[in-house]
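First comes the structure, then the notes that go with it.
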Amino acid sequence: MSFAGAVKNFGAVRAVDGVDLEIGRGETVALLGRNGAGKSTTISLLLGLNAPDAGTVELFGGAPESAVRSGLVGAMLQESRAVPRVTVGELVAFVARRYPKAMPVAQALELAGIGELAGRRVDRLSGGQTQRVRFAVALAGNPSLIVLDEPTAALDVEARHAFWQSMRAFARRGHTVLFSTHYLEEADAHADRIVVIDRGRIVADGTGEQLKRAAGGSLVSFDLAGRATEGLAQLPGVRSLEVRGDRALLRTDDSDATVRALADLDAIHGLEVTPASLDDAFLALTAPELETV
Amino acid sequence: MLDYLRLEVRRTLRDVGFVIGGIAMPVMMYLLFTNLGGDDSGYKATAMVGMAAYGAVGSALNTGGGVAEDRAIGWLRQLRVTPMSPRQVVLGRALTGSVTVLPAIVAVLAAGGLVNGVRLDAWQWAAIALLLWLGSIPFTLLGLGNGYGLTSQTTGVANMACTMGLAVLGGLWFPISLFPGWLRAISHYTPTNRFAELGTSVADGHAPALGAIAVLTAWLLAFGSYAVLAYRRTGRTV
Chain A
73 MSFAGAVKNF
83 GAVRAVDGVD
93 LEIGRGETVA
103 LLGRNGAGKS
113 TTISLLLGLN
123 APDAGTVELF
133 GGAPESAVRS
143 GLVGAMLQES
153 RAVPRVTVGE
163 LVAFVARRYP
173 KAMPVAQALE
183 LAGIGELAGR
193 RVDRLSGGQT
203 QRVRFAVALA
213 GNPSLIVLDE
223 PTAALDVEAR
233 HAFWQSMRAF
243 ARRGHTVLFS
253 THYLEEADAH
263 ADRIVVIDRG
273 RIVADGTGEQ
283 LKRAAGGSLV
293 SFDLAGRATE
303 GLAQLPGVRS
313 LEVRGDRALL
323 RTDDSDATVR
333 ALADLDAIHG
343 LEVTPASLDD
353 AFLALTAPEL
363 ETV
Chain B
130 MLDYLRLEVR
140 RTLRDVGFVI
150 GGIAMPVMMY
160 LLFTNLGGDD
170 SGYKATAMVG
180 MAAYGAVGSA
190 LNTGGGVAED
200 RAIGWLRQLR
210 VTPMSPRQVV
220 LGRALTGSVT
230 VLPAIVAVLA
240 AGGLVNGVRL
250 DAWQWAAIAL
260 LLWLGSIPFT
270 LLGLGNGYGL
280 TSQTTGVANM
290 ACTMGLAVLG
300 GLWFPISLFP
310 GWLRAISHYT
320 PTNRFAELGT
330 SVADGHAPAL
340 GAIAVLTAWL
350 LAFGSYAVLA
360 YRRTGRTV
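Residue numbers (this note's numbering), protein chains in the order written: chain A, 73 to 365; chain B, 130 to 367.
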């Protein structure tokens, strides 16, 4: 799938602002962003639910609608609730029959971890179970690409864990998976590649490791013990300096060089080196733009 | 699409509100109204057709309620990301409407024949059922228009108002001979009055008047356009 300069406005709001993105077959990609960053709009463009105001969106080399029509795509949309008055089995079987290469219903339910719920009415299930039914609906057609818009929103920890296991089982079968989330750990743990979106633009794209490195590899901190801070920001590798109470925090690309320089200055009291977390990376990527608001 | 039809009919029949309001209510009202007064067999047949028509109108409009509900819960949007085409979805919904009117029609006619002893020839029973079935199409379109054009809450209210208003005004509940002259004149132009007339004329042993068919066709076009406009406005981007 590919996006080229895709733009989508809703009234005066530019929800997607020139997105360029390519995803190859078999990848598991996380679309990471805060609420309102443009994740859902990007997904609706990808699925052909909305047309871009400018730029192009292609799925499997053609218009999204024709890929959807040929049964290459399955999706779990964000704002959908349980379909009343059908059983899980009836619903999943109905959706599966719409697709040319569907998997057996029992298998879809098994993959989604709801094999024992086939005879239950969809509107009488718990939130976590409903979410898995929606997952089963998305994968029932055995589509090449499955798109999951915030699949674990409103799930408790246990249900979330079970959900990701199901998702990985599906991805292992060679399917392309694109999911959106605002949980950093989820993106890091379950995707091969993370695309960070902010204010309708892609601000980073790579593995969790790459994102962490891009945001400044590690954090070196030590007790100032009354020493002045000037010159610290100019030490080798240092990108930024922050002072919290009596402690200096240096974000650095090269922690070895920074620590060596600090040792020369004899500024090693309570010295600590920690790798930047994905949280740090995410904040570093999206925060600078926040200040311009 | 037959699959979709089967799914939606099943969902409709599992709706307790539909079964009580759309099927049981017309039957009970029919039995109540016809057995409170004297033993007028002519009225029993006319009221039977009127109540069957009322049940059909309610069931047809209920289809719109289903559409509004499916829009609200995101089911129609979910269908858009399956290989089903929008045309299949709309057509499937319209067909659902025309299937779900049948239980009400059959139930009231059965109550007339079995409980109230209405005696008609076999062809008359068949023709009445068939005409009521076909004649319900404009009301299904009205329901679809409401379902696509309005929110799920207002659709319920609008459908209720349309059903009650049109039923009373068209003389489905009480014979329009009880109406004052001006109201009777208006009643002749309502779709419900002409809809019931399809059945009552057969019960009287003759074909429906051209006027009835003309008025009903005009309403068919009006409600059809309304449904298309409502769908164009919201249905394509649910």
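Here a beta-carbon is modelled for each residue, glycine too, at the ideal position from N, C-alpha and C.
Problem - For Met148(A), the residue or residues it bridges with in DSSP - result: Met148(A) is bridged to Leu220(A).
Handout entry: Any C-beta of chain B under 9 angstroms from that of Pro172(A)
Key = Chain B places a beta carbon closer than 9 angstroms to that of Pro172(A), counting this residue as a contact.
Handout entry: Selected residue, minimal CA-CA separation from Val205(A), among His247(A), Ser152(A), Gly96(A) and Arg169(A)
Key = When only C-alpha atoms are compared, the closest one is Ser152(A).
Problem - Check whether Ala212(A) and Ala165(A) have beta carbons under 9 angstroms apart - result: Contact check for Ala212(A) against Ala165(A) passes: the beta carbons are separated by less than 9 angstroms.
Problem - For Ile195(B), the nearest candidate out of Pro320(B), Tyr277(B), Leu307(B) and Val297(B) (CA to CA) - result: A quick correction: the sequence has Gly, not Ile, at residue 195(B). The shortest Cα separation from Gly195(B) among Pro320(B), Tyr277(B), Leu307(B) and Val297(B) belongs to Tyr277(B).
Handout entry: Residues from the segment 127-153 of chain A in contact with chain B, defined by Cβ distance under 8 angstroms
Key = Answer set for the segment 127-153 of chain A: Val140, Arg141, Ser142, Gly143, Val145, Gly146, Ala147, Leu149, Glu151, Ser152 and Arg153.
Handout entry: Tyr183(B) Cβ short of 8 angstroms to the ligand SAH heavy atom set
Key = For the structure depicted, the ligand SAH is absent and the ligand set is empty, with no information on it obtainable.
Problem - Reduced DSSP secondary structure (H/G/I, E/B, other) of Ser170(B) - result: In this structure, Ser170(B) counts as helix in the three-state DSSP scheme.
Problem - Span of the beta strand (DSSP E) around Lys111(A) - result: Careful: Lys111(A) lies outside any beta strand (DSSP E), inside the alpha helix (DSSP H) at Lys111 to Leu118.
Handout entry: Cβ of Arg192(A) within 9 angstroms of any chain B Cβ
Key = Contact of Arg192(A) with chain B is not assigned, every C-beta pair being separated by 9 angstroms or more.
Handout entry: Extent of the continuous beta strand (DSSP E) to which Phe324(B) belongs
Key = It is not in any beta strand (DSSP E) - Phe324(B) instead sits in the alpha helix (DSSP H) that spans Pro320 to Ala332.
Handout entry: Touch test, the segment 174-184 of chain B against the segment 105-116 of chain A, Cβ-Cβ under 8 angstroms, three pairs minimum
Key = Output reads no: the segment 105-116 of chain A does not touch the segment 174-184 of chain B.
Handout entry: For Met213(B), the nearest candidate out of Thr141(B), Ala153(B) and Leu131(B) (CA to CA)
Key = Looking at Thr141(B), Ala153(B) and Leu131(B), the one whose alpha-carbon comes closest to that of Met213(B) is Leu131(B).
Exercise for the section: In angstroms with no decimal places, state the Cα-to-Cα distance between Ala154(A) and Gln207(B). Expected result: Straight-line spacing of the CA atoms in Ala154(A) and Gln207(B) works out to 11 angstroms.
Handout entry: Interface partners of Val158(A) on chain B, CB under 9 angstroms
Key = For Val158(A), the neighbours in chain B by C-beta distance under 9 angstroms run, in chain order, Leu136, Arg139, Arg140 and Arg143.
Problem - Positions along the segment 261-285 of chain B whose CB lies within less than 9 angstroms of some CB in chain A - result: Under the 9 angstroms Cβ criterion, the segment 261-285 of chain B contributes no residue.
Exercise for the section: Report yes if the CB atom of Leu142(B) is closer than 9 angstroms to the CB atom of Phe268(B), and no otherwise. Expected result: No.
Exercise for the section: With 9 angstroms as the C-beta to C-beta threshold (strictly closer), list the residues of the segment 197-231 of chain B near chain A in chain order. Expected result: So the close ones are Glu198, Asp199, Ala201, Ile202, Gly203, Trp204, Arg206, Gln207, Leu208, Arg209, Val210, Thr211, Pro212, Met213 and Ser214.
Exercise for the section: Would you kindly check if the distance between the Cβ of Asp326(A) and the Cβ of Pro308(A) is under 9 angstroms? Expected result: Judged by their CB atoms, Pro308(A) and Asp326(A) are nearer to each other than the 9 angstroms cut-off.
Exercise for the section: Could you tell me how far apart the beta carbons of Leu238(B) and Ala258(B) are, in whole angstroms, since I believe they sit closer than 8 angstroms? Expected result: For Leu238(B) against Ala258(B), the beta-carbon gap comes to about 6 angstroms, under 8 angstroms, which counts as contact.
Exercise for the section: Give the secondary structure of Ile266(B) by DSSP, where H, G and I count as helix, E and B as strand, and everything else as coil. Expected result: The answer is helix: DSSP assigns Ile266(B) an H, G or I state.
Handout entry: Contiguous beta strand (DSSP E) assignments of at least 3 residues, all confined to the segment 236-284 of chain A
Key = The qualifying runs are 248-253, 265-270 and 273-278.
Handout entry: Own chain, CB closer than 8 angstroms to Leu260(B), minus 5 neighbours either side, in chain order
Key = Correct list, in chain order: Leu327, Gly328, Val331 and Pro337.
Exercise for the section: Using a Cβ cut-off of 9 angstroms (strictly closer), state whether Glu162(A) contacts chain B. Expected result: True, the Cβ-Cβ gap to chain B drops below 9 angstroms.
Practice task
If I'm right that Leu104(A) touches Thr279(A) with Cβ under 8 angstroms, what's the distance once you round it to whole angstroms?
Solution key: The pair is not a contact, with the Cβ atoms about 12 angstroms apart (cut-off 8 angstroms).
Handout entry: Outcome for Ser198(A) when other beta-carbon atoms lying within 10 angstroms are tallied against a minimum of 16
Key = Under this definition Ser198(A) is an exposed residue.
Exercise for the section: Would you list, in chain order, the members of the segment 105-122 of chain A that have their beta-carbon closer than 7 angstroms to a beta-carbon of chain B? Expected result: Residues of the segment 105-122 of chain A that bring their beta carbon within less than 7 angstroms of a beta carbon in chain B comprise Leu119 and Leu121, in sequence order.
Problem - Three-state secondary structure assigned by DSSP to Leu307(A) - result: Leu307(A): coil per DSSP, three-state reduction.
Handout entry: First and last residue of the uninterrupted alpha helix (DSSP H) at Glu188(A)
Key = Unbroken run through Glu188(A): none, as it is neither H nor E.
Handout entry: Spatial neighbours of Leu362(A) in its chain, beta-carbon cut-off 6 angstroms, leaving aside the 5 residues before and after
Key = With a pLDDT of only 41 at Leu362(A), under the threshold of 50, the placement of this residue in the model should not be trusted; the figure read from the coordinates follows. Close CB contacts of Leu362(A) within its chain, under the 6 angstroms cut and outside five residues either way in sequence, are absent.
Practice task
Anything in the segment 287-318 of chain A with a Cβ closer than 8 angstroms to a Cβ of chain B? List those residues in chain order, please.
Solution key: Those would be none; no residue qualifies.
Practice task
Leaving aside the five residues before and after Arg311(A) along the sequence, list all residues of the same chain whose C-beta is less than 7 angstroms from its C-beta, in chain order.
Solution key: So the qualifying residues of the chain are Gly288, Arg323, Thr324 and Asp325.
Handout entry: Boundaries (first-last residue) of the alpha helix (DSSP H) holding Arg313(B)
Key = Segment Gly310 to Ser316, the alpha helix (DSSP H) holding Arg313(B).
Handout entry: Proximity test, Cβ basis, 9 angstroms: Tyr360(B) and chain A
Key = So no, Tyr360(B) is outside the interface.
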